[in-house]
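**Q** The structure's right below; bear with me while I get my questions together.
In my numbering, the protein residues as written are 30 to 223.
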């Protein structure tokens, strides 16, 4: 007999693994239940709806990303170094968690409850705020170009990250987000630097 919560985690892990198939049909609770080897009714004992299952994945993404972003911010150091570490973290997370990347890009949320996309958008706004704070630190340390607007620069970095996520998903996971990191980050950093 499994401990309370283990089945819930198994359901979320299975859902995430099903999302890793780029040619997958829309994921149904029947298909998910079959993969977990339980009845649909058993799924609904753990989650009130499919939307709640996706919320569980979004919560996992939030907890993972923000625990690492907070660690980067907490370690201090040069502001541009923090921006670089955050961008690399966001790309690396996507590369290691293909199914979660489809959640981050909103691709799998298209026909789901609109509050799910709103929650992802809110999470991305928090990521952008973290980037903006690191860019403010960089400006205070004289690392950024004179007059650089930290809000605009944070938005640029996030748009670049989201573009890499989109390419990864749209290529059927053939174009890894970190594939051109070594050459693209220096170009972006030069545009931000003093």
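Idealized CB from N, CA, C, for every residue including glycine.
Bear in mind that the values here come from a model prediction, so they are computed numbers and not experimental data.
Between residue 44 and residue 182, what straight-line distance do the alpha-carbon atoms span, to the nearest angstrom?
**A** Spanning the two alpha carbons is a distance of roughly 35 angstroms.
**Q** In whole angstroms, what separates the C-alpha of residue 36 from that of residue 73?
**A** Answer to the nearest angstrom: the Cα atoms are 12 angstroms apart.
**Q** With DSSP as the reference, identify every bridge partner of residue 222, one or two as the case may be.
**A** DSSP lists 173 as partners of residue 222.
**Q** How far does the alpha helix (DSSP H) with residue 142 in it reach, from first residue to last?
**A** Here residue 142 belongs to no alpha helix (DSSP H), and DSSP marks it neither H nor E.
**Q** Could you work out which residue in 210, 153, 198 is closest to residue 127 when comparing CA atoms only?
**A** Closest by alpha carbon: 198.
**Q** Just to confirm, are residue 139 and residue 131 a CB contact at a threshold of 8 angstroms?
**A** Cβ distance not < 8 angstroms, so residue 139 and residue 131 don't count as in contact.
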